[in-house]
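Chemist: Structure below; questions to follow.
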Amino acid sequence: MLCRFIVKECLLHSLICAKRAAMKHLLFFLALIPIALLLGSTPGSLHPLADSLAVFRFHIGWFALIGALIVLWFGWKRSGLAAGALSLAAIGAIWWSYFPQSPSKPLTYSVYQKNLSFRLGDGTTLIQDMLDSNADFITLQEVTLRNTEILNGLKATYPSQMLCKFASVGGVAVASKFPTVNDTIVCDERNGIVAIQVVTPDGPIWIVSIHLHWPYPFGQAVQVSQIVPILENLTGPVVLAGDFNMVPWSYTMTQIETATRSRRVGATNGTFRLKGTVTIPIDHVLAPTNCLGEVTTLDLLGSDHHGVLARFPLEAC
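So the sequence shown is numbered by the working numbering: it starts at 60 and just counts up by one.
Take a look at the structure:
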């Protein structure tokens, strides 16, 4: 009986030890997952999945930081410290981008950017908000037969207009106070981009509206590869705005900024609530300058996207 008891106790102790070891290995494995995802959110030039992960890089960074602490607890000091530094760098860079910086030059031009939403009904309030903004340029997405009254309502103040059809959710459009340069209209109905060149007091400027698809596994990467050559062919200064469906720290944004010789205006601002939970910054304005500008996040006004009012200089800094 005593031998049976001892054997039974030994087996039970071995089972408990095995379970504890398995739990520790599982915890270590789970700690590595957010760290791997954070690393995977950076090489967007290698695969578009990285940009999809980049959308949630800030949130992944916090989980990766917890994972780094767990790795340290397991005694892997160098790996834990490296993972912790990477997590803090990712969190800090994104967090810092939300803080505006004071412009050093007069903000001589402005863009009112808005994804109207194909579900938008009465656009009277939105028209008035655009007119009250006194913006020089307006860029719109998801323009449908249901909400084209908005362009009509802006016609007196913004006589230079162009609407380009795109997808089932609606077209892309631009509107400007300044006259259009002859034969400078670009409309790509397949890729959701429209552009006109207008004559401002500082010379001709391209005004571009863009609407990108959702990122991988959807068609954003292919769409961007087809849009970039169009943007590179626009000679002279380019002001581009739209619904990018992508965050500022992505490879997608880098490609478009490089193609247009521009940079995003102002601080990062959340413009769209994904599935009613996480607010993400996906509506942006780019301008052809290294000078600082500023952006204001506007009300929804019947859309599911916040509008963006961007002010910026065009002279060299």
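Cβ atoms here follow ideal geometry from the backbone N, Cα and C, with glycine treated the same way.
Thinking C-beta only, is residue 300 closer than 9 Å to residue 367?
Modeler: Taking 9 Å as the Cβ cut-off, residue 367 and residue 300 qualify as a contacting pair.
Chemist: Count the CB pairs spanning the stretch 199 to 206 and the stretch 153 to 168 that are closer than 8 Å, and state whether there are at least three.
Modeler: These segments do not touch.
Chemist: Which of helix, strand or coil does DSSP assign to residue 191?
Modeler: Residue state, collapsed to three classes: helix.
Chemist: Does DSSP put residue 76 in a helix, a strand or coil?
Modeler: At residue 76 the pLDDT is 47, less than 50, meaning the model places this residue with poor confidence and gives no usable figure here.
Chemist: First and last residue of the alpha helix (DSSP H) that includes residue 139?
Modeler: Run containing residue 139: 136 to 156, per the alpha helix (DSSP H) assignment.
Chemist: In whole angstroms, give me the CA-to-CA distance for residue 302 and residue 339.
Modeler: So the two alpha carbons sit approximately 12 Å from each other.
Chemist: Using CA atoms only, rank isn't needed, just tell me which of 114, 191, 85 is closest to residue 130.
Modeler: Among 114, 191, 85, the Cα nearest to that of residue 130 is on 85.
Chemist: Looking at the secondary structure, which residues open and close the alpha helix (DSSP H) in which residue 121 lies?
Modeler: Here the alpha helix (DSSP H) through residue 121 covers 116 to 132.
Chemist: Using the rule of at least 16 other Cβ atoms within 10 Å of the residue's Cβ for burial, across every protein chain shown, is residue 195 buried or exposed?
Modeler: Residue 195 is buried by the Cβ-count criterion.
Chemist: Could you give the distance in angstroms between the alpha-carbon of residue 28 and the alpha-carbon of residue 139?
Modeler: Residue coverage of the chain in this structure runs from 60 to 376, which leaves residue 28 outside it and unanswerable.
Chemist: Report yes if the CB atom of residue 362 is closer than 9 Å to the CB atom of residue 174, and no otherwise.
Modeler: It is a contact, given that the beta carbons lie within the stated cut-off.
Chemist: In chain order, which continuous runs of the alpha helix (DSSP H) of length 4 or greater are located wholly inside the stretch 267 to 352?
Modeler: The qualifying runs are 279 to 291, 310 to 319.
Chemist: Go through the stretch 182 to 245 residue by residue and report every complete run of the alpha helix (DSSP H) that reaches 4 residues or more, in order.
Modeler: Listed in chain order, the complete alpha helix (DSSP H) runs (minimum 4 residues) inside the stretch 182 to 245 are 183 to 192, 208 to 213.
Chemist: Roughly how many angstroms separate the alpha carbons of residue 293 and residue 265, rounded to a whole number?
Modeler: C-alpha separation (whole angstroms): 7 Å.
Chemist: Less than 9 Å between the C-beta atoms of residue 344 and residue 319, yes or no?
Modeler: No. Outside cutoff.
Chemist: Which same chain residues, not among the five before or five after residue 75, have their C-beta less than 8 Å away from its C-beta?
Modeler: Residue confidence for residue 75 is low, a pLDDT of 46 falling below 50, so the modelled location carries little weight; the figure read from the coordinates is stated next. Nothing listed; no residue qualifies.
Chemist: By alpha-carbon positions, which one of 159, 230, 221, 269 ends up nearest to residue 351?
Modeler: Of the listed residues, the one whose Cα sits closest to residue 351 is 159.
Chemist: For the structure I just gave you, are there three or more beta carbon pairs, one from the stretch 237 to 246 and one from the stretch 137 to 156, closer than 8 Å?
Modeler: Contact between the stretch 237 to 246 and the stretch 137 to 156 is absent, because fewer than three Cβ pairs lie under 8 Å.
Chemist: At the level of alpha carbons, what is the spacing between residue 181 and residue 133?
Modeler: Roughly 59 Å separates the two Cα atoms.
Chemist: May I have the straight-line CA-CA distance separating residue 231 from residue 247, to the nearest angstrom?
Modeler: So the two alpha carbons sit approximately 10 Å from each other.
Chemist: Helix or strand or just coil, what does DSSP make of residue 111?
Modeler: Helix at residue 111.
Chemist: By the three-class DSSP mapping on this structure, what secondary structure does residue 368 have?
Modeler: Residue 368: strand per DSSP, three-state reduction.
Chemist: So, are the CB atoms of residue 190 and residue 207 less than 9 Å apart?
Modeler: In this structure, residue 207 does not lie closer than 9 Å to residue 190 by Cβ.
Chemist: Given a cut-off of 9 Å, decide if residue 271 and residue 279 are closer than it, judged by their beta-carbon atoms.
Modeler: Yes, these two residues count as a Cβ contact at 9 Å.
Chemist: Note down, in chain order, each residue of its chain lying with its Cβ closer than 7 Å to the Cβ of residue 325, except the 5 sequence neighbours on either side.
Modeler: Cβ within range, chain order: 159, 352, 353, 354, 369.
Chemist: DSSP puts residue 173 in a beta bridge; with which residues?
Modeler: Paired residues: 199.
Chemist: What does residue 255 pair with, by DSSP beta-bridge criteria?
Modeler: BP columns for residue 255 point to 266.
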